[in-house]
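For the sequence shown, UniProt numbering assigns the number 1 to the initial residue and increments by one for each residue that follows.
All residues carry an ideal CB built from backbone N, CA and C; glycine is no exception.
Worksheet: one structure, shown below.
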Amino acid sequence: METLINIDNGGTLTDICVWDGNAFTFTKTLTTPHDLSECLFTGIEKASEALYGEADITRLLHATEHIRYSTTQGTNALVERRGPKIGVLTTIPDLQTAMQQTAAEKKLFTGLVSDRFLSLESTVDDEAFEFDAVQKINRLTTLGAARVVIAGSSPEKERRLRHVLLRKFPRHLLGSVPLIYSWELAGDRNDVRRVWSCVVNSFLHPTMERFLYSAERRLQDYKVANPLLVYRNDGASSRVAKSVALKTYSSGPRGGLEGTSALAKVYGLEHALMMDIGGTTTDVGMVEDGAVAVADRGAIEDVQISYPMSDVTSAGVGGSSVIQLVDGELRVGPKSVGAAPGPACFGFGGKQATITDVNLLLGILDPDTYLNGTFRLDPSRSKAVITETVAEPLGISLEEALIRMEHAYFQALSTSFAHLVRDDTTLLAFGGAGPMSAAGAARLAGVKQVLIPRTAAVFSAFGISFSDIGKTYDVIVPGSSTGAARETYDALLARAERDMFQEGYSLADCETSWQLLVESVDERDSAADGKVSRLAYQPGDEVDYPGCVVSLQLNVTAPLSHPELVQGNSVKPSPATSVIHRSVRATADRVDDVPVYVLDELNPGHTGEGAAIIEGPFFTARVLPGWTFRLTWAGDLLLTDNN
Numbered sequence: 001m002e003t004l005i006n007i008d009n010g011g012t013l014t015d016i017c018v019w020d021g022n023a024f025t026f027t028k029t030l031t032t033p034h035d036l037s038e039c040l041f042t043g044i045e046k047a048s049e050a051l052y053g054e055a056d057i058t059r060l061l062h063a064t065e066h067i068r069y070s071t072t073q074g075t076n077a078l079v080e081r082r083g084p085k086i087g088v089l090t091t092i093p094d095l096q097t098a099m100q101q102t103a104a105e106k107k108l109f110t111g112l113v114s115d116r117f118l119s120l121e122s123t124v125d126d127e128a129f130e131f132d133a134v135q136k137i138n139r140l141t142t143l144g145a146a147r148v149v150i151a152g153s154s155p156e157k158e159r160r161l162r163h164v165l166l167r168k169f170p171r172h173l174l175g176s177v178p179l180i181y182s183w184e185l186a187g188d189r190n191d192v193r194r195v196w197s198c199v200v201n202s203f204l205h206p207t208m209e210r211f212l213y214s215a216e217r218r219l220q221d222y223k224v225a226n227p228l229l230v231y232r233n234d235g236a237s238s239r240v241a242k243s244v245a246l247k248t249y250s251s252g253p254r255g256g257l258e259g260t261s262a263l264a265k266v267y268g269l270e271h272a273l274m275m276d277i278g279g280t281t282t283d284v285g286m287v288e289d290g291a292v293a294v295a296d297r298g299a300i301e302d303v304q305i306s307y308p309m310s311d312v313t314s315a316g317v318g319g320s321s322v323i324q325l326v327d328g329e330l331r332v333g334p335k336s337v338g339a340a341p342g343p344a345c346f347g348f349g350g351k352q353a354t355i356t357d358v359n360l361l362l363g364i365l366d367p368d369t370y371l372n373g374t375f376r377l378d379p380s381r382s383k384a385v386i387t388e389t390v391a392e393p394l395g396i397s398l399e400e401a402l403i404r405m406e407h408a409y410f411q412a413l414s415t416s417f418a419h420l421v422r423d424d425t426t427l428l429a430f431g432g433a434g435p436m437s438a439a440g441a442a443r444l445a446g447v448k449q450v451l452i453p454r455t456a457a458v459f460s461a462f463g464i465s466f467s468d469i470g471k472t473y474d475v476i477v478p479g480s481s482t483g484a485a486r487e488t489y490d491a492l493l494a495r496a497e498r499d500m501f502q503e504g505y506s507l508a509d510c511e512t513s514w515q516l517l518v519e520s521v522d523e524r525d526s527a528a529d530g531k532v533s534r535l536a537y538q539p540g541d542e543v544d545y546p547g548c549v550v551s552l553q554l555n556v557t558a559p560l561s562h563p564e565l566v567q568g569n570s571v572k573p574s575p576a577t578s579v580i581h582r583s584v585r586a587t588a589d590r591v592d593d594v595p596v597y598v599l600d601e602l603n604p605g606h607t608g609e610g611a612a613i614i615e616g617p618f619f620t621a622r623v624l625p626g627w628t629f630r631l632t633w634a635g636d637l638l639l640t641d642n643n
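Here it is in structure tokens:
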């Protein structure tokens, strides 16, 4: 097997995980928001140095079979409202009101659309309809719309508007505003979901397009033969030209879920929760019997869209989340200092306290070994910030402030997943801050077993390596008859053949599956929890569901190379040997002498008990008193709460 490069670009750090056919090599680099291609290639260069002993980016790229890439660029752009102004032109009555039924919808509507929403009367004659359409488009551009979503209540009604606008606003003109048609993006009968999907996609598209094509061009400078593959939130990948911007949103957490699924199968875990703690958020998802939990109708900022998405919830609790006083009480997040200026201890001018500052002063983090010694932390800055913003306002000592802040952080984390915990739950903790806080959060949530992967610091990038080239088509079957279902299936198969050819694969070499999505009218219009009924379908089966909307979903997959995870045998336990001891504050008035272990110097079967610290590659794991740890045959850490 040739080399696989998997990259997860986050808001604070960019992770690179390389599989060479035998083992994983991984590294991290600071994200460069001004030019994301810079941190992309810096990371690949650092990975080549770790793999070959010297930096040789050309050698690594030429040995690579596939580069799979996930980025938070779209997610961050939406959070920061950094994108084009979107206009909407519709023939659907009362759509503007229907799109703003919840507080989340109103907030997103204000941020993306605002007053750039105009309606057309569809019952007038063609001449009046055409004149009004042209006037309304001109009005939307005058209001600042850089892209306009065109929405009709049916494909036929939308095509009428499309016919007019293609003639009046030819695409080849430099001043032509991009027009995006809702039924082209999603075949969802629910107008609100479909139009919201189109609005968000239109907002994300320019940002994603500029960056991804720039990255692809830089790869071509190295004469890379295979295209850059964009990892999506449905767990599949596609080349840049065939990617939908909307599907890049929250793709990183899906990588974490796929990694969780892979390890759950290896270790035989029936119910696994992922807790991915990044710089800004903690992402929580579930894997049951090896299967990733997916919502048939995903949500973005609590606004439902037409596409399926992994069932991930995000809490504003991360390694760079601000811990501050609000009305005399400690609050963790959702505000984050990100990578710039970052936590106070980074020395980039940060003036607000984070859990990274707390862990540094508690003694859990060594200022000289952060990020494998590539970045030095400054305890004096952390002390000054926490004293000024927490300790003095509360009238308590610095030591008491640290203990309270740590507890507040554990409590905020446990709240994000406690409602999902079962008796057989195993918590997989990863991300830069996950291993440090896993035991404290798990105990509060009632979880007795925590698995910390050896690849915890780059686990989402690790999970991306299990993806394939994939396409999913979901269209309404007209008439809901057996014949109509067969015709729809044949049409989708022809479309899939064209798309996969453009991806570089023959449909004959792909795996295909299909199913019917059967929903009552009421269910399809609401589906508040994102779950709908699914029925298996084979061509030739009778299709007759009166009072329902029937959609045909076709899935096409071109399998790619994956890492091979082998299930090992149990190993004989033996005591682990610590390398040094570290003074770690346990309470406001007590400091303990805690053993420190180096993960790469431990062997499978090595065990120990808390309190302990384990230094892994690019992460620090904390084992609290009452917990024990064991190194598995695969080199992962398994923590058990014996209380």
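6 Å CB neighbourhood of threonine 313 in its chain, flanking five on each side removed: Val284
Decide if the region 278-293 is in contact with the region 389-405; the criterion is three or more beta carbon pairs, one per stretch, under 8 Å apart. no
Residues sharing a beta bridge with threonine 123, DSSP: Per DSSP, none; premise fails for threonine 123.
Leaving out five residues on either side along the sequence, give the residues of the same chain with a beta carbon under 6 Å from the beta carbon of valine 458. Asp15, Cys17, Phe26
Of the residues Thr123, Ser250, Asn233, Ile614, the one placed nearest valine 79, counting alpha carbons only: Ser250
Tell me the rounded alpha-carbon separation between leucine 360 and isoleucine 57. 34 Å
Cβ neighbours of serine 197 in the same chain (closer than 8 Å, five flanking residues each side left out): Ser182, Leu185, Ala186, Asp188, Leu246, Ile305, Ser306, Tyr307
Spell out the partners DSSP gives serine 574 in its beta bridges. His606
Whole angstroms are fine: how far does the CA of leucine 362 sit from the CA of isoleucine 355? 10 Å
Is it buried or exposed for valine 148, if we count other Cβ within 10 angstroms and need 16 for buried? buried
Using 8 Å as the Cβ pair cut-off and three pairs as the minimum, do the region 578-587 and the region 505-518 touch? no
Beta-carbon proximity of alanine 442 to leucine 427, cut-off 8 Å: yes
In or out: valine 591 buried (at least 16 other Cβ within 10 Å) or exposed? exposed
Three-way DSSP call (helix, strand, coil) for asparagine 359 in this model: helix
Alpha carbon to alpha carbon, how far is leucine 638 from arginine 162? 58 Å
Per DSSP, glycine 470 forms a beta bridge with which residues? Thr557
Three-state class that DSSP yields for serine 314 in the structure shown: strand
With a floor of 4 residues, list each alpha helix (DSSP H) that falls wholly inside the region 97-170, ordered by position along the chain. 103-112, 126-142, 155-168
Does the structure place the region 2-10 close enough to the region 456-473 that three or more beta carbon pairs sit under 8 Å? yes
I believe isoleucine 364 touches arginine 622 by the beta-carbon criterion, under 8 Å. Please report the beta-carbon distance rounded to the nearest angstrom. 6 Å
Should valine 337 and serine 320 be called a contact, given that it needs their Cβ atoms to be closer than 8 Å? yes
What does the Cβ neighbour count give for asparagine 643, buried or exposed, with the cut at 16 atoms within 10 Å? exposed
What does the alpha-carbon distance come out to for the pair aspartate 525 and valine 192? Low confidence applies to aspartate 525: its pLDDT is 48, below 50, so where it sits in the model is not reliable, and the reading given next is rough at best. Taking the straight line from one Cα to the other gives about 9 Å.
Could you check the C-alpha separation between glutamate 216 and valine 240 for me, to the nearest Å? 8 Å
Beta-carbon proximity check, methionine 208 vs threonine 248, cutoff 8 Å: yes
Between the C-alpha atoms of phenylalanine 109 and glutamate 121, what's the straight-line distance to the nearest angstrom? 22 Å
If we ignore side chains and look at the alpha-carbon of each, how far apart do threonine 12 and glycine 347 end up? 15 Å
Reducing DSSP to helix, strand and coil, say where arginine 630 ends up. strand
What three-state label does DSSP hand alanine 339 in the structure shown? coil
Any idea which residues DSSP pairs histidine 271 with across the strands? Glu288, Thr425
So is proline 595 buried or exposed if we call it buried at 16+ other beta carbons inside 10 Å? buried
Once you ignore the five residues that flank leucine 51 on each side, which residues in its own chain have a CB closer than 7 Å to its CB? Val18, Asp20, Thr25, Leu60
Where does glutamate 511 sit, in a helix, a strand or coil, going by DSSP? strand
Given this structure, state the Cα-to-Cα distance separating asparagine 190 from glutamate 497, to the nearest angstrom. 28 Å
In the DSSP assignment, the alpha helix (DSSP H) including proline 308 goes from what residue to what residue? Where proline 308 is concerned, there is no enclosing alpha helix (DSSP H), given that its DSSP letter is neither H nor E.
Since histidine 66 sits in a beta bridge, which residues does DSSP pair it with? Leu4
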